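Asks:
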Amino acid sequence: MLSDVKVFKNVCPRNCYNTCAMLSYVVDGKLIKVEGDPSHGYCQGRLCGKGYAYTRYVYSPKRLRYPLKQYPRGSGNWVRITWEEAFNLISAKLLELNHRYGSNRSLAYNKCSGNVGILHYATEGMFNSFGSHTKLRGNPCMSAGMDAVEYSSGEGRSPDPEAMTNSKLIVIWGANPAWTAVHQLNFINQARDKGAVLVVIDPVYTATAATADHYIQVRPGTDGLLALGIAKVLVEEGRYDSSFVKEHVVGWESFYKYLQEKVSLEEVQRLTGVAENVLQLLADLYSQNDPATNWCGYGLQRHQNGGQNVRAIYTLSALTGNVGKIGGDFYYFHPSTDFFPMNLLNLQGPDDGQVSRALDINNYPSQALSLVDPPMKFLWIAARNPLSQDQEVQDWTRLLKELEMVVTVDLFMTKTAEASDIVLPATSHFEDFDINVSYWHHWLALNQKAIEPYYEAKSDLEIAKELTRRLNELQPGFSNFPSERTAEEWIESEFTSEILRLYGLSSWRDLEEVPAKLQFGNNPWLDLNFKTNTGKFEIFSKNAKDDKLPALPRFWAESSDLSFPLRMLTPQNITSIHSQNWALEWIGSDKRGNVVTLNPQDAVQRKVEDGDLVRIYNAQGSVTRKARLNPEVLQGMVIIYQGGKEPVNSLLSGLSADMGKKHSGSEGAALYNAFVEVEKIVRSQI
Ligand SMILES: Nc1nc2c(c(=O)[nH]1)N[C@H]1C(S)=C(S)[C@@H](COP(=O)(O)OP(=O)(O)OC[C@H]3O[C@@H](n4cnc5c(=O)[nH]c(N)nc54)[C@H](O)[C@@H]3O)O[C@H]1N2
Ligand SMILES: Nc1nc2c(c(=O)[nH]1)N[C@H]1C(S)=C(S)[C@@H](COP(=O)(O)OP(=O)(O)OC[C@H]3O[C@@H](n4cnc5c(=O)[nH]c(N)nc54)[C@H](O)[C@@H]3O)O[C@H]1N2
Ligand SMILES: [Mo]
């Protein structure tokens, strides 16, 4: 007899543009199939390859089943322990450190992007509930560009990405949606079916570039100059929107003067690598197509001058009168979590008379190692794999050796988990409740509990509840975490009357039927009332000047390193969200991660042939990869996808972008400002 099939609503909680709503099919308590939820207007019933593979992810034999303890740390000598033992060991250390230092400031967490569901801020909530402690600040994805957007328009909002269907020209600067935001291609293609032109500007000939009408291979870190070059052509030829500029822009005169005096088209061509006729073509496309959309991805702001480059591109949208136009405008990010109370993230801890301190995301381990009064002694890592994904990997390795206790909560035995004392198994999103919004589309969806936790796995919220309960038993009042509150009660608490109004809901339970879309503010600048001090679009930003940045979107070249002449780009991979799918080797991301691609001319100079095993090195370290030669790669550049057995991030030095502090507290990561040399180790066998 056939068993009943139960269907649940889930949401992919990865740190990704798409935040797809899914339907999960469960038979006898087992997840047998997932598919896209057709009632979600952005994903429209589709998932990406990683999404369809979730049944394999959930039941992967590599998933952690039980709490584990390793002694000594890093030895590989793991033993299974009970949750009770785990909570007792952790509590004993927390209490000991609290007594030793008279506060909880020697306790730190590092939590980021493994699961960005709203209830997954339980980790931050738990640390808040301890009183003063050591926090993580910053954002690995987009913070430089966030500030750039805020300096120009006063607030980080993007229009509804579904409105791109109305565009006549879509210019994608440094994003690769064919891999990272696949559903957006649906809306772009609808615009193209109506005659829109697609331009992709990227140093890498990506899968998105391959589908475009025009692909512009720009040199990394020079987009700001390219945008200024286009602006100069448009202004000199009187092809800009003078009435928009007159009525809605601040700083036109000084910008005009800057273009006249400081931007030379000869220099634009030389530094960007974009020829004069291509510059003219871009100017023609902007002036002949109305409305025109600029989509600025996160790739081009992972540079030392990244924020400034985003400002220059945004300015181009204003100059062409596209800001505020449906089907035009400028897309970057739309942080919908900003609308929510975020009660876990913002949980008010007890006042212990001391203040928390924070470590910057780009230099977390080096700053952690230098902390005094008290030194940092305990680290809780959740939804994070810094030994693979962060800069300063060498400092991370040292930090993880020196701390007194390291606890990692994850679904898999990651490189970081391997360097911990205690590893706690986390549930997948099918195993507990949550609510999810996106930083791109404008939808909100409910994640239901579809199956029981895998073996002994627990959600980050459940772990916070149980650990704080244990701590309070041992030392009453240690934490003020509301450990009796259920996941559903936390969800309920997010739905203020304002949130219900914004999403047109009568209760959050409406989401059990269909996802909801933001009803207001979907085109933030339609009324052209900008959130800047002047109420206008600021090409000249006094706030930027006050923050010791150029007031105008000026271009400046990034630093390079002459001893390591090849620039290394390490963009996102198609088959994995960062390191999250690497446990599933069959999906193939590990293979791509173990390759370096370089231009044949650079290879010849180094006597490297296709298939050779090569060493890629710089002052930070070295990794080995198999060389692949490809004439599509810019000369002077190599591409390595994140991952690999020896993580490529060991070649990154911890450089920051020019902006990011304003919004996220820490500057953005200049991950793509890396320089390396390549040498052959072993001749190819094929
Ligand atoms: N499949 C998959 N999807 C993902 C992710 C993933 O790991 N895998 N990660 C998710 C996350 S956390 C994020 S933040 C987003 C990021 O997604 P995207 O915004 O698409 O960003 P990236 O892949 O970092 O970079 C996009 C492109 O920028 C290009 N680029 C680098 N430097 C420059 C430059 O100076 N100028 C220009 N014009 N282009 C440049 C790169 O070559 C790359 O093709 O994707 C999300 N989606
Ligand atoms: N070289 C290079 N480095 C990069 C980038 C780049 O472009 N190039 N991109 C950067 C970007 S944009 C980002 S966002 C970061 C990502 O950096 P991280 O957030 O450190 O990386 P992830 O690989 O996403 O790792 C998250 C971990 O969370 C775990 N996890 C998943 N769900 C849960 C859960 O519910 N609870 C817990 N406790 N754990 C869970 C996953 O199994 C995974 O091990 O990497 C950055 N690093
Ligand atoms: Mo990211």
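Residues in the sequence shown are numbered consecutively from 1, following the numbering used here.
Idealized CB from N, CA, C, for every residue including glycine.
This one's a predicted model, so the numbers in the text were calculated from it and none came from an experiment.
(1) According to DSSP, simplified to helix, strand and coil, what is L282?
(2) Ends of the alpha helix (DSSP H) at E418?
(3) Does the beta carbon of N15 fall short of 7 Å from some heavy atom of ligand 1?
(4) Is it buried or exposed, V372, if we count other Cβ atoms within 10 angstroms and call 16 or more buried?
(5) Using CA coordinates, which residue listed in F530, V278 and G36 is at the minimum distance from G701?
(6) Using alpha carbons as the reference points, say which of S656, E513 and E679 lies closest to G145.
(7) Shortest alpha-carbon distance to R219 belongs to which of M22, G273, H183 and S75?
(8) Consider the C-beta atom of P140 and the heavy atoms of ligand 4; say whether any pair is separated by less than 7 Å.
(9) Please report how far the alpha carbon of S479 lies from the alpha carbon of E462, in whole angstroms.
(10) Could you check whether the Cβ of S113 sits closer than 7 Å to any heavy atom belonging to ligand 3?
(11) Is it true that the region 135-143 meets the region 661-672, where meeting means three or more beta-carbon pairs spaced less than 8 Å apart?
(12) To which residues of the same chain is P374 closer than 6 Å at the C-beta, ignoring the five residues directly before and after it?
(13) Just to confirm my understanding: we take R192, look at its own chain, exclude 5 residues before and 5 after, and list those with CB closer than 7 Å. What are they?
(14) Using three-state DSSP, classify H429 as helix, strand or coil.
(15) Applying the criterion that 16 or more other CB atoms from any shown protein chain within 10 Å of the CB defines a buried residue, is V233 buried or exposed?
(16) Go ahead and label A619 buried or exposed: buried means 16 or more other beta carbons lie within 10 angstroms of its beta carbon, across all protein chains shown.
(17) Assess, as a yes-or-no matter, whether the region 380-397 is touched by the region 110-123 under the definition of 3 or more beta carbon pairs within less than 8 Å.
(18) If the criterion is Cβ atoms closer than 8 Å, does the pair W443 and K517 meet it?
(19) So, helix, strand or coil for H248, using DSSP?
(20) Should R65 be listed as close to ligand 2, given that the test is whether its C-beta is under 7 Å from any heavy atom?
(21) So which of L119, G306 and T19 has the shortest CA-CA distance to F555?
(22) For Q354, which residues of its own chain have a beta-carbon under 8 Å away from its beta-carbon, when the five flanking residues on both sides are left out?
(23) Taking Cβ positions, are A551 and S560 nearer each other than 8 Å?
(24) Check whether the Cβ of S579 lies closer than 7 Å to any heavy atom of ligand 2, and answer yes or no.
(25) Check whether the region 420-438 and the region 449-462 touch, using three or more Cβ-Cβ pairs below 8 Å as the test.
(26) Scan the region 601-684 and note each continuous alpha helix (DSSP H) run of 4 residues or more that stays entirely inside, going in chain order.
(27) For a test of the three-state rule: what should DSSP assign to E558, helix, strand or coil?
(28) If you follow the beta strand (DSSP E) that G687 is part of, which residue opens it and which one closes it?
(29) Which partner residues does V27 have in the DSSP bridge list?
(30) Is there contact between the region 61-77 and the region 90-100, where contact requires at least three CB pairs shorter than 8 Å?
(31) Check whether the Cβ atoms of W83 and I170 lie closer than 8 Å to each other.
(32) Three-state secondary structure (DSSP) at Q394?
(33) For N523, collect the residues of the same chain with a Cβ closer than 8 Å to its Cβ; drop the 5 residues on either side in sequence, then sort them by chain order.
(34) Between A382 and ligand 2, is the CB less than 7 Å from at least one heavy atom?
(35) Which of helix, strand or coil does DSSP assign to W179?
Replies: For this structure:
(1) For L282, the three-state secondary structure derived from DSSP is helix.
(2) Counting along the chain, the alpha helix (DSSP H) containing E418 begins and ends at K415 to E418.
(3) For ligand 1, at least one heavy atom lies less than 7 Å from the Cβ of N15.
(4) Under this definition V372 is an exposed residue.
(5) Residue 701 cannot be examined here, being either before or after the span of the chain that is shown, 1 to 686.
(6) G145 has its Cα closest to that of S656, out of S656, E513 and E679.
(7) Nearest C-alpha to R219: G273.
(8) Annotation note on ligand 4: not contained in the displayed structure, which lists ligand 1, ligand 2 and ligand 3 as its ligands.
(9) The straight-line gap from Cα to Cα measures roughly 15 Å.
(10) Because some heavy atom of ligand 3 lies under 7 Å away, the Cβ of S113 counts as near it: yes.
(11) Touching, yes.
(12) Counting only residues of its own chain and dropping the five nearest sequence neighbours on each side, P374 has a CB closer than 6 Å to the CB of Y101, R105 and S106.
(13) Apart from sequence neighbours up to five positions away, the residues of its chain that approach R192 with a beta-carbon distance below 7 Å are L198, ordered along the chain.
(14) Of the three classes helix, strand and coil, the one that applies to H429 here is helix, per DSSP.
(15) With at least 16 other beta carbons inside 10 angstroms of its own, V233 counts as buried.
(16) Exposed: under 16 other Cβ atoms inside 10 Å.
(17) With the rule of 3 Cβ pairs closer than 8 Å, the region 110-123 counts as touching the region 380-397.
(18) Yes, these two residues count as a Cβ contact at 8 Å.
(19) Correct three-state label for H248: helix.
(20) R65: no, Cβ never under 7 Å from ligand 2.
(21) Comparing Cα positions, the closest option is G306.
(22) These residues qualify, in order along the chain: S103, R105, G131 and S132.
(23) Cβ atoms of A551 and S560: not closer than 8 Å.
(24) Yes.
(25) Segments in contact, yes.
(26) Secondary structure in the region 601-684: the alpha helix (DSSP H) runs of 4 residues or longer, each lying completely within the stretch, are 661-664 in chain order.
(27) Coil at E558, not helix or strand.
(28) Absent from the structure is residue 687, since the part of the chain shown begins at 1 and ends at 686.
(29) The partner list for V27 (beta bridge, DSSP) reads V5 and K30.
(30) The region 61-77 and the region 90-100 do not touch, with fewer than 3 CB-CB distances between them shorter than 8 Å.
(31) The criterion of a C-beta distance shorter than 8 Å is not satisfied by W83 and I170.
(32) In this structure, Q394 counts as helix in the three-state DSSP scheme.
(33) Taking C-beta separations shorter than 8 Å and ignoring five residues to either side along the sequence, the partners of N523 in its chain run P159, D160, A163, G324, I326 and D329, following chain order.
(34) Between ligand 2 and the CB of A382, the shortest heavy atom gap is smaller than 7 Å.
(35) Secondary structure at W179: helix, using DSSP grouped into helix, strand and coil.
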